[in-house]
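Protein chains: 2
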Amino acid sequence: MALVNEHFLKLPNNYLFADIAKKVNAFKTMHPKSDIISLGIGDVTQPLCPAVVEAIHHAADEMATQATFRGYGPEQGYDFLREAILKNDFLPRGIHLDINEIFINDGAKSDTGNIQELVRWDNSIGVTDPIYPVYIDSNVMIGRAGVVENGRWSNVLYMPCTAENGFIPQIPNKRVDIIYLCYPNNPTGTVLPKEELKKWVNYALKNDAIIFYDAAYEAYIQDDSIPHSIYEIRGARKCAIEFHSYSKTAGFTGVRCGYTVVPKDITASTLTGERIPLNHLWYRRQCTKFNGTSYLSQRAAQAIYTQEGKEQVKETISYYMRNAHKMKETLTKLGLEVYGGENAPYLWVKTPNGEGSWRFFEQMLYDAHVVCTPGVGFGPSGEGYIRLTAFGQQEKTDEALLRIENWLK
Amino acid sequence: MALVNEHFLKLPNNYLFADIAKKVNAFKTMHPKSDIISLGIGDVTQPLCPAVVEAIHHAADEMATQATFRGYGPEQGYDFLREAILKNDFLPRGIHLDINEIFINDGAKSDTGNIQELVRWDNSIGVTDPIYPVYIDSNVMIGRAGVVENGRWSNVLYMPCTAENGFIPQIPNKRVDIIYLCYPNNPTGTVLPKEELKKWVNYALKNDAIIFYDAAYEAYIQDDSIPHSIYEIRGARKCAIEFHSYSKTAGFTGVRCGYTVVPKDITASTLTGERIPLNHLWYRRQCTKFNGTSYLSQRAAQAIYTQEGKEQVKETISYYMRNAHKMKETLTKLGLEVYGGENAPYLWVKTPNGEGSWRFFEQMLYDAHVVCTPGVGFGPSGEGYIRLTAFGQQEKTDEALLRIENWLK
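Residue numbers (our numbering), protein chains in the order written: chain S, 1 to 409; chain E, 410 to 818.
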């Protein structure tokens with residue numbers, strides 16, 4: 001008799017963004033003429049830049065004739081893209097990686113979800129709280145998260161990030177095997193200074209732990225002192241796997257491409273103490289369960305690294321960051337406590353008078369016709385906050401701010 | 410201390426196609442001027458058809474302007490493609506599926522590898538032997554395959570398919586929880602008549618087993634009596650999940666798109682006997698660990714279902730099937746026992762005089778400069794066979810046949 005993987009049944013039935021959509025639809029049904037602006041879901045709105053579009057056209061033409069047609073590519077991605085990554089994303093920061101340490105993927109969600117396959121099912125995990133739900137859910141599905149006790153998973157250590165500690169997670173005073181960090185952070189939009197990131201690398205090295213480092217938003221960093229990659233920290237090659245995505249960097253949410261760095265120095269232990277390099281294990285995992293990212297998407301990604309591509313991508317990021325700055329300025333003037341939004345496309349806003357996240361979400365929806373994301377949806381420490389994103393069109397974002405202003409006055 | 414998933418270490422260190430590449434490279438080093446033709450790896454050689462190329466250009470242009478730009482798509486795929494699938498791949502065969510039973514993927518390898526996440530880690534599995542390695546390896550990685558004993562996995566039931574039983578796997582006389590079937594078959598190129606497939610569905614219904622049915626090569630079926638989908642069999646909706654791929658149908662090995670059918674009627678049991686629908690579980694899995702297939706690839710796939718797309722794809726399939734027929738005819742005339750190649754792009758050839766697969770592979774490489782795939786690489790029952798593919802260019806395939814003829818004479 002085929003038995004179901006019962007760990008799946010432990011997952012909460014509600015899904016944050018589905019719940020939001022449901023509430024928004026209910027509002028629309030009651031107010032069919034209302035014009036809602038969403039500053040909620042983190043999808044981009046600006047088109048692909050011309051260099052990327054041109055590269056896709058060119059790749060399509062290559063696929064149209066036998067001489068230049070491309071079938072299966074390498075599971076780990078084409079060298080043309082892996083070389084561009086080494087040369088542009090790492091060498092300028094003094095990070096020397098081998099081409100075989102780069103694995104092209106179809107977006108960071110797949111790899112941040114799949115990476116946990118490499119470690120034992122009962123390894124403990126530590127997460128900053130609030131957190132991107134995939135990190136925990138992918139561990140729940142294999143039984144690693146344990147069971148829910150008082151709204152928290154028994155095998156997960158939650159490291160609160162709130163205004164009280166300046167959104168700096170505290171180094172655990174006990175051993176955790178696997179740590180998820182995401183900086184610039186989703187959902188809080190805050191960053192980790194180099195000296196703080198160093199503490200994590202040192203903790204991991206000392207405790208033989210592994211850091212899964214999600215750098216999906218690094219392109220939004222404006223402050224030169226903030227690390228773009230964990231490999232800027234000495235020793236990180238021995239303890240960290242890093243995830244990158246072109247989704248937010250270059251509007252690839254529909255194109256699907258990113259990459260994962262698995263250094264050759266990072267190992268995990270067997271029960272008998274043998275050290276196993278994870279680079280080879282990830283390669284094996286990808287060769288077995290993945291057949292490479294679309295050639296079209298890889299050529300599209302390569303175009304981001306050309307001179308014109310770089311300039312065009314930078315322009316779009318500036319477009320979104322103008323939103324972020326204006327949002328932060330306006331909301332702060334209105335007396336709200338606003339975090340993030342300086343080196344990230346996300347703003348994390350404290351609800352006034354200690355109101356609950358969902359209650360504030362509903363008020364903003366009904367009174368200002370603006371959609372946000374309730375912070376508590378990202379974890380218990382998100383209660384009393386909401387997330388706003390800077391990915392909207394400028395005119396709509398401005399209009400949303402006007403509405404919020406009129407509502408809160 | 411982070412502990413490694415030790416199940417990964419049970420995987421054989423050698424990978425079939427890597428081993429072949431190594432041997433071919435050794436030959437090339439010794440004979441730098443030789444011109445080798447590969448009838449080995451199953452990649453296509455013909456370019457994308459014009460309708461598909463046009464669709465990619467159009468999609469690229471849509472992504473270039475804000476009004477038509479597409480960001481995140483639904484994890485389960487766009488309705489425009491799911492509707493085309495229902496209308497073209499299933500309705501004409503009298504199969505009525507709901508749109509939410511179709512999940513667009515980035516190729517069948519990902520989904521045939523990931524689908525096992527839905528069932529308990531200790532469910533037993535049954536596979537036809539020889540077999541596409543992903544089915545077993547993805548189960549090894551999570552510990553479900555057990556341990557190797559005499560070259561076989563302890564929790565895997567092998568169902569031999571050889572010339573002796575006409576390549577018809579025998580229904581097991583014991584209970585197996587999960588069964589992998591692939592028809593038209595990779596690697597043997599043989600098919601399963603409707604009455605045989607019926608036996609499997611009945612077995613699964615009777616034993617509360619689940620069939621993972623890989624239909625990646627269904628577009629190559631020439632004989633109208635052979636089922637294209639397991640859902641042509643009554644009751645299959647309750648026990649089978651089916652995988653489709655555009656890789657071989659339309660040369661999408663580099664574009665990456667396919668789909669998986671998870672009917673709403675299929676359930677698996679909890680330990681307490683509760684029935685859990687797998688459709689919802691797969692949706693949850695995909696929403697957590699996948700962010701949808703590239704918009705470009707989905708539009709490319711949609712074009713296959715237009716009138717011109719259908720005709721163009723059919724032409725390419727005929728091109729390959731001409732190869733298959735010629736290969737079968739020539740090799741048979743040479744006195745070889747040849748199977749498959751009539752409803753599939755693969756030919757399965759018995760080595761003469763009971764020679765070993767690898768020995769025959771090396772002879773063909775050194776004496777005819779033609780590369781094949783040793784059958785034993787697909788499982789113990791593949792010993793004494795080799796696989797040839799019909800995906801070559803016609804001129805090269807003809808030349809390879811000439812060489813084999815001269816060599817064997």
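Don't be surprised by glycine CBs; every beta carbon is placed ideally from N, CA and C. Just so we're clear, the structure is a prediction, and the values are computed from it rather than from any experiment.
Q. Quick one: does E:P672 have its CB under 7 Å from some CB of chain S?
A. no
Q: Give me whichever residues DSSP pairs with S:K244 in a beta bridge.
A: In the sequence under discussion, the amino acid at residue 244 of chain S is His, which differs from the Lys named in the question. DSSP output for S:H244 lists S:Y259 as bridge partner(s).
Q: Give me the Cβ distance between S:I36 and S:V371, rounded to the nearest whole Å; I'm assuming they're in contact under 8 Å.
A: 6 Å
Q | Cβ-Cβ distance between S:Y78 and S:T190 below 7 Å | A | no
Q.
Using DSSP's beta-bridge definition, name the partner residues of E:M568.
A. Residue pairing by DSSP puts E:M568 in a beta bridge opposite E:T537.
Q.
Beta carbons nearer than 7 Å to chain S: which residues of the region 617-632 of chain E have them?
A. D617, A618 and I619
Q: Starting from S:W200, trace the alpha helix (DSSP H) both ways and give me its first and last residue.
A: K194 to N207
Q | Under the three-state DSSP convention, the category S:N88 falls into | A | In the three-state scheme derived from DSSP, where H, G and I count as helix and E and B as strand, S:N88 is classed as helix.
Q: Figure out for me which residue from S:L401, S:I56, S:E101 and S:T45 has the closest Cα to the Cα of S:F243.
A: S:E101
Q. If you draw a straight line from the alpha carbon of S:T306 to that of S:C49, how long is it in whole angstroms?
A. 12 Å
Q) So is S:H57 in contact with chain E if we call contact Cβ pairs under 7 Å? A) At least one beta carbon of chain E lies nearer than 7 Å to the beta carbon of S:H57.
(Q) Can you pull out the residues from the region 290-308 of chain S whose beta carbon lies closer than 9 Å to at least one beta carbon of chain E? (A) F290, N291, G292, T293, S294, Y295, L296, S297 and A300
Q. Since S:D214 and E:A411 are thought to touch, with beta carbons under 8 Å apart, how far apart are those beta carbons, to the nearest angstrom?
A. Rounded, the Cβ-Cβ distance is 17 Å, inconsistent with contact.
Q: Leaving out five residues on either side along the sequence, give the residues of the same chain with a beta carbon under 6 Å from the beta carbon of S:A368.
A: R403, I404 and W407
**Q.** Best match in E:L687, E:H467 and E:K723 for proximity to E:L648 [C-alpha to C-alpha]
**A.** The amino acid occupying residue 648 of chain E in the given sequence is Cys; Leu does not appear at that position. With distances taken between Cα atoms, E:C648 lies closest to E:L687.
Q | C-alpha distance - S:A55 paired with S:M364, whole-angstrom precision | A | Approximately 42 Å between the Cα atoms of the pair.
**Q.** Neighbourhood of E:I545 by C-beta distance below 7 Å, restricted to the same chain and skipping five residues each side
**A.** Within the same chain, Cβ atoms closer than 7 Å to the Cβ of E:I545 are found at V536, A554, W562 and V565, the five residues on either side in sequence being excluded.
Q) Apart from the five residues just before and just after E:N752, which ones in its own chain have a Cβ nearer than 7 Å to its Cβ? A) P593, V600, Y629, I630, Q631, D632 and I635
Q: Select from the region 84-116 of chain S all residues with a C-beta closer than 7 Å to any C-beta belonging to chain E, and list them in chain order.
A: Closer than 7 Å at the C-beta level to chain E, one finds these residues of the region 84-116 of chain S: D106, G107, K109, S110, G113 and N114.
Q.
Residues in the same chain with beta-carbon distance under 8 Å from E:Y481, minus the five sequence neighbours each way, listed in chain order, please.
A. N700 and G701
Q) Taking just the CA atoms, how far does E:R708 sit from E:V722? A) 15 Å
Q: Using 10 angstroms around the beta-carbon of E:D520, count the other beta-carbons present and answer buried if the total reaches 16, otherwise exposed.
A: buried
Q) Going along chain E, which residues have a C-beta under 9 Å from S:G384? A) Within 9 Å Cβ-Cβ: nothing; S:G384 doesn't reach chain E, min ~26 Å.
Q) Residue range of the beta strand (DSSP E) that S:I210 falls in? A) Segment I210 to D214, the beta strand (DSSP E) holding S:I210.
Q.
Less than 7 Å between the beta carbons of E:M550 and E:H689, yes or no?
A. no
Q: Give, in chain order, every residue of the region 761-788 of chain E whose Cβ lies closer than 9 Å to some Cβ of chain A.
A: This model lacks chain A altogether, as its protein chains are S and E.
Q) Which residues in the same chain as S:I233 place their Cβ atom closer than 6 Å to its Cβ, once the five residues preceding and following it in sequence are excluded? A) Taking S:I233 as the centre and dropping the five residues before and after it, the same chain places the C-beta of L197, K198 and V201 closer than 6 Å to its C-beta, in chain order.
Q) Cβ of E:P596 within 7 Å of Cβ of E:R768? A) With contacts defined as CB atoms closer than 7 Å, E:P596 and E:R768 fail to qualify as a contacting pair.
Q.
To test your reading of the DSSP string, which unbroken alpha helix (DSSP H) runs of 4 or more residues are found completely within the region 748-817 of chain E?
A. 766-772 and 803-817
**Q.** Stretch pair the region 373-384 of chain S + the region 22-37 of chain S: three plus CB contacts closer than 8 Å
**A.** no
**Q.** Start-to-end residues for the alpha helix (DSSP H) that takes in E:R731
**A.** Q716 to K742
Q | Residues in the region 552-572 of chain E having any Cβ partner in chain S nearer than 8 Å | A | none
Q | Supposed contact pair E:P569 and E:D617 - C-beta distance, whole angstroms, cut 8 Å | A | Between E:P569 and E:D617 the Cβ distance is about 25 Å, and since that is not below 8 Å, they are no contact.
Q | Same chain only: Cβ atoms within 6 Å of E:Y655, ignoring 5 sequence neighbours per side | A | F661, C666, G667 and A710
Q. Count the other CB atoms within 10 Å of the CB of S:T65; is the residue buried (16 or more) or exposed (fewer)?
A. exposed
Q) Of the residues S:G94, S:L16 and S:N123, which one's Cα is nearest the Cα of S:Y411? A) Look at the range of chain S in this structure, 1 to 409, and you will see that residue 411 of chain S is not part of it.
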